[in-house]
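Heads up: the structure comes next, in C-alpha cells.
2 protein chains.
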Amino acid sequence: MIKIDPNDGTPIYLQIVRQIKYMIASGAIREDDELPPVRVLAQQLVINPNTVAKAYRELEFQGLIYTRPGAGTYVAKRRILFSDEERLRIIQEKIESLIVEAQNLNFTLEELAKIFNERLTKIYKQQTEEKGNERD
Amino acid sequence: MIKIDPNDGTPIYLQIVRQIKYMIASGAIREDDELPPVRVLAQQLVINPNTVAKAYRELEFQGLIYTRPGAGTYVAKRRILFSDEERLRIIQEKIESLIVEAQNLNFTLEELAKIFNERLTKIYKQQTEEKGNERD
DNA sequence: TAAACTGTATTACAATTATAGTACAGTAGT
DNA sequence: ACTACTGTACTATAATTGTAATACAGTTTA
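Below is the structure:
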C-alpha cells in the first residue's frame, strides 16, 4: 500500500506522512481505522520502526491521527484544529505556490484552471458515487 | 525585498529559491534583469554568500536564471525545459497535494474551487492591467 | 498474571545544511 | 594594464536532521 521511493529526495518519514494524508483525504481509511503498527509498516518498507513512529508523531501533531500508547494508532475524527483564518492562510499559501509553479512551467492561467477544475470534477463524481454505495 | 524567516523550518537557500521563483512568476523581475550579487544579498540577509550561491545554483538548474561567471546573475528567458508530459505530471502532482490538504483542513471541494478561482481571477485582472500599461 | 503486542525514549551515527575563510578565474570600466 | 567587481571552488567546522539499534513502559488478550 504505502511505498517508499529512495530517489524521491524527501525524507522517508515525510513520504509516509504524505501518503497517509492522501489515504485519509481520499477516504481509503476512515475514522477510528487502525493504522499498521510501527514495527509492521517498518518491516514492510524495510526501514526502522522509529522512522514510522516519527511519521505518526507528525500526523498526530496535525490532528489527523491519534495514538493510544501501548494499544495502537488510529485515524482521528475529522475536526477543526485551526481557526478559520489559519485554515484559509494555509490553503491560500498552497494555492499561491501552485500558481507560481504553473507560471514557471509556462502554463497559462487558463490552462491551469482547466486542469484543476477537471481534476476537481473527477473527484467530485467519485465521491458522490461512493455516497450512493454506502452500504456498510 | 527578499526576507529570511529563521522560524520557517525550510532551509535558508530554499526560502531564497521560493521567493525568487515568486518574483519571476509575478513579473516583479523579468528576462535579463540582474539579480543582486551573492555578496550583496548575503550581506542584506546577514547570511553567508555561499548560501546565496547555492540558491542561485538551484534556480539555474531549474532554468529560471542564468549566470555569466564573473559578470552576474540574470533572469532567464521563459523557456521549456521539460517535456509536456513532465510539465503536466509536475503540475498535477501539485494539484493533488493541494486538494489533499484542503480536504484534511475540512474544506469542501466547492469551497476550494471558489477560493482558487477567485485568486486566479484576481491575478488575471492584474496581468491584463499590466499589459495595458506597458510603456517601458 | 503472563505473554505478546503496542508506542516511546535514549543513544548513536550518517547525511544534510549553514557558516566561514580563502583562493581562483572571468568580466567590466577606467 | 589595472582595479574592482562578478560567480565558483575548496576546505573545514558546527548544528541540525534523518535514520537506526536498543531498551523501556503501557495495553491487550488469553
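Sequences listed follow chains A and B, in order. To convert, note that position 136 of the first sequence is 804 in my numbering; the numbers rise steadily by one, no gaps. To convert, note that position 47 of the second sequence is 715 in my numbering; the numbers rise steadily by one, no gaps. Heads up, the beta-carbon is just placed ideally off N, CA and C, and yes, glycines get one too. These numbers come from a predicted model, not from an experiment.
With a threshold of 8 Å between beta carbons, GLU769/A makes contact with chain B. In the three-state reduction of the DSSP assignment, GLU761/A falls in the helix class. The residues ILE758, in chain order, have a CB closer than 8 Å to that of PHE750/B in the same chain once the five nearest residues on each side in sequence are set aside. For ALA693/B, the C-beta contacts it makes with chain A under 9 Å involve ILE767, VAL768, GLU769, ALA770, GLN771 and ASN772, in order along the chain. Annotated three-state conformation of ILE783/A is helix, per DSSP. When DSSP states are grouped into helix, strand and coil, ARG736/A belongs to the strand group.
Contact between PRO717/B and ALA723/B is absent: CB atoms are separated by about 11 Å, not below the 8 Å threshold. When the Cα atoms are used, GLN771/A and ASN774/B turn out to be separated by approximately 28 Å. Residue burial is scored here from C-beta neighbours: ALA739/B has fewer than 16 other C-beta atoms within 10 angstroms and is therefore classed as exposed. Looking at ASP752/A, SER765/A, VAL706/A and GLU798/A, the one whose alpha-carbon comes closest to that of THR735/A is VAL706/A.
In this chain, the alpha helix (DSSP H) harbouring ARG725/B covers 717-729. For the 8 Å CB-CB criterion, GLY731/B and ARG747/B form a contact. LYS689/B reaches chain A at VAL768 and ASN772, counting residues in chain order whose Cβ is nearer than 7 Å. The beta carbon of TYR792/B falls within 8 Å of a beta carbon belonging to chain A, placing the residue at that interface. According to the DSSP assignment, VAL685/B belongs to the alpha helix (DSSP H) that extends over 680-694. ILE672/B is a Cβ neighbour of ILE715/B, given a cutoff of 8 Å.
In the DSSP assignment, LEU713/B falls within the unbroken alpha helix (DSSP H) covering 706-713.
Sequence-distant Cβ neighbours of ILE684/B in its own chain, meaning closer than 7 Å and more than five residues away, are ILE670, VAL720 and ALA723.
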